[in-house]
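Residues 41 to 518 (my numbering) are what the sequence shown spells out, left to right. For each residue, glycine too, the CB sits at the ideal point set by N, CA and C. Model, not experiment: these values are computed from the prediction.
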Amino acid sequence: MRWALVKVSLAVTAMVVVAFAVPLGLVIREMARDRAFAGAEREAAAVAPALSITTDRDQLERVVASAGSDAGMAVHLPAPGARADGTDGGARPGTEIGRRRVGDEDVAAVREMGRASTTEVSGGFALLQPVALSTGEIAVVEVYVPESAVTNGVATAWAVLAGVGVALIVGSVAVADRLGVRMVQPARRLVEGAHELGEGKLGARVPEEGPDELRRAAVAFNSMADQVVQLLANERELAADLSHRLRTPLTVLRLNAASLGEGPAAEQTRAAVEQLEREVDTIIRTARDAKPQTAAAGPGAGCDAAEVVRERMGFWSALAEDEGRKWRVAGADRPVRIPVARADLAASLDALLGNVFRHTAEGTAFAVDLHNGEDAVIVLVSDAGPGIPDPEAAMARGRGSGHDGSTGLGLDIVRRLAESTGGDVRIGSSVLGGTEVRIWIQLDGRAAPARRGHRGTVRRRRTPRLIPSLRSTTPPSS
């Protein structure tokens, strides 16, 4: 907008300067011409009284010398008995005083017309003024007007007009630039504030200054930012309050688990209750501190995905044995570092494996495959269940599968974990005949960023290349 205003101001001012300066320059040129010929007429008028009295050559030469000079003035006297055209039909020619610059035709034409005229000669112009003699004949006074006299002061006037025009253009451009800055800076600050707020900087505010429209926009933006902060604060408080309400049933579960006695099932139940209590405490602290549960890991941060997979499969294997499910783990026999917090990866695996136990019948087999690539790590969770009829709808936050106890947040947790690294999540058909959830975890930030599609899904331009052995090796365990 700033440069647009400058260009418009430049164009308009230039047109105004041209519209006024060019006609004014032409008028000045005509005035200089009229001034030069008016001076020539005065010189010719100074000789006319002497011509009406005498035609003596000596006296006329003195008059011409006093009025001008022989180089700038000439007097054309007709011969005695000459006709109106200035010739004598073969008699002696007329008298010439001074330096002659025009031809006989021009002098004869002036005598015949009886009025002054101008003609162009070498180096300038000549004014021819007819004067009646005492004998009734017509003499012609020639006054030379050089080109420099006709254009005297014109170049200076044009230079002054050009300087004034340039000054007007520069001044208008400067004013337009200052006006553009006054309009652009508030708009730029508003854009920067919107970007900062979109990046999660809730303290971003915009100075309420500038034109009235932009000032009102800044006021509305600051009001919106305040409302967003208040809404987020209320949401955090609500999350903390709701999580705190879980403490009472958790306490009952912990007391009941303590009364189960000894045994693997009792130990696993007590461990699950303790883990649930820790998760609830984490939710409360996160909500109170306004910190996201999943953040981009810094250098050296993250966890060993293979260790987390083995740990979580050890937990779910006990329940799988109780329900008669066959399970398999592949690729978790060596360390695999990923830029994801341990708790976040464990929560994502629990969400996917929990869906397997919740939405498939007892005895349904499942598997977890871990593939370590050059720039990404892929986690595959597959089962032999009925599958998901609408994968895109399942990825939408809050939609769920429609079954009892489904909140629609499990897959959203997994998706947010993958997106925090620049990866994505896809749902397809597994080799076991059911659902396969693929988690792509990016290892560095050099890859192209993910492009969000509709309904909350994420699509990437590049399709990962999976090693077939990950889907066929390590037979299911029981």
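Query                                                                                                                : Result
V46 versus D252 - alpha carbon distance                                                                              : 21 Å
The stretch 72 to 80 contacting the stretch 181 to 192, beta-carbon criterion three pairs below 8 Å                  : yes
Rounded straight-line distance, which links the Cα of A199 to that of V57                                            : 13 Å
Burial state of A345 (16 or more Cβ within 10 Å)                                                                     : buried
Separation of I323 from V419, as counted between CA atoms                                                            : 25 Å
N192 (DSSP reduced to helix, strand or coil)                                                                         : coil
Straight-line gap, L457 to L385 (C-alpha atoms, nearest Å)                                                           : 8 Å
Three-way DSSP call (helix, strand, coil) for R132 in this model                                                     : Note that R132 scores 40 on pLDDT, short of 50, meaning its location in the model is unreliable and no value can be drawn from it.
Sequence-distant residues of the same chain with beta carbon closer than 6 Å to A372, five excluded per side         : A346, V349, R350 and L410
C-alpha distance - R318 paired with G427, whole-angstrom precision                                                   : 32 Å
Per-residue burial, R218 [other beta carbons within 10 Å of its own, 16 or more giving buried]                       : exposed
Cα-Cα separation, V213 to A227                                                                                       : 21 Å
Nearest residue (CA-CA) to A202, options A54, V408 and A401                                                          : A54
Helix, strand or coil at P170 according to DSSP, with G and I counted as helix                                       : strand
Meets three-Cβ-pair contact criterion under 8 Å: the stretch 474 to 483 and the stretch 375 to 383                   : yes
R374 - DSSP class collapsed to helix/strand/coil                                                                     : coil
Rounded C-alpha distance that separates I93 from V181                                                                : 15 Å
Cα-Cα separation between P304 and M264, rounded to whole angstroms                                                   : 55 Å
D266 versus E236 - alpha carbon distance                                                                             : 14 Å
Alpha carbon of L100 to alpha carbon of A86, nearest angstrom                                                        : 11 Å
For G473 and A424, believed in contact at Cβ under 8 Å, the rounded distance                                         : 5 Å
Under 9 Å between C-beta atoms of R42 and G250                                                                       : no
For G65 and V103, the rounded distance between their alpha carbons                                                   : 38 Å
Boundaries of the beta strand (DSSP E) in which I178 is found, first to last residue                                 : I178 to P186
Three-way DSSP call (helix, strand, coil) for A487 in this model                                                     : At A487 the pLDDT is 40, less than 50, meaning the model places this residue with poor confidence; the figure from the coordinates comes in the next sentence. The answer is coil: DSSP assigns A487 none of H, G, I, E or B.
Pairwise C-alpha distance: P247 and G211                                                                             : 29 Å
Neighbourhood of S49 by C-beta distance below 8 Å, restricted to the same chain and skipping five residues each side : S212, V213, V215 and A216
A407 beta carbon less than 9 Å from that of R382                                                                     : no
T309 versus A297: straight-line alpha-carbon distance, rounded                                                       : 6 Å
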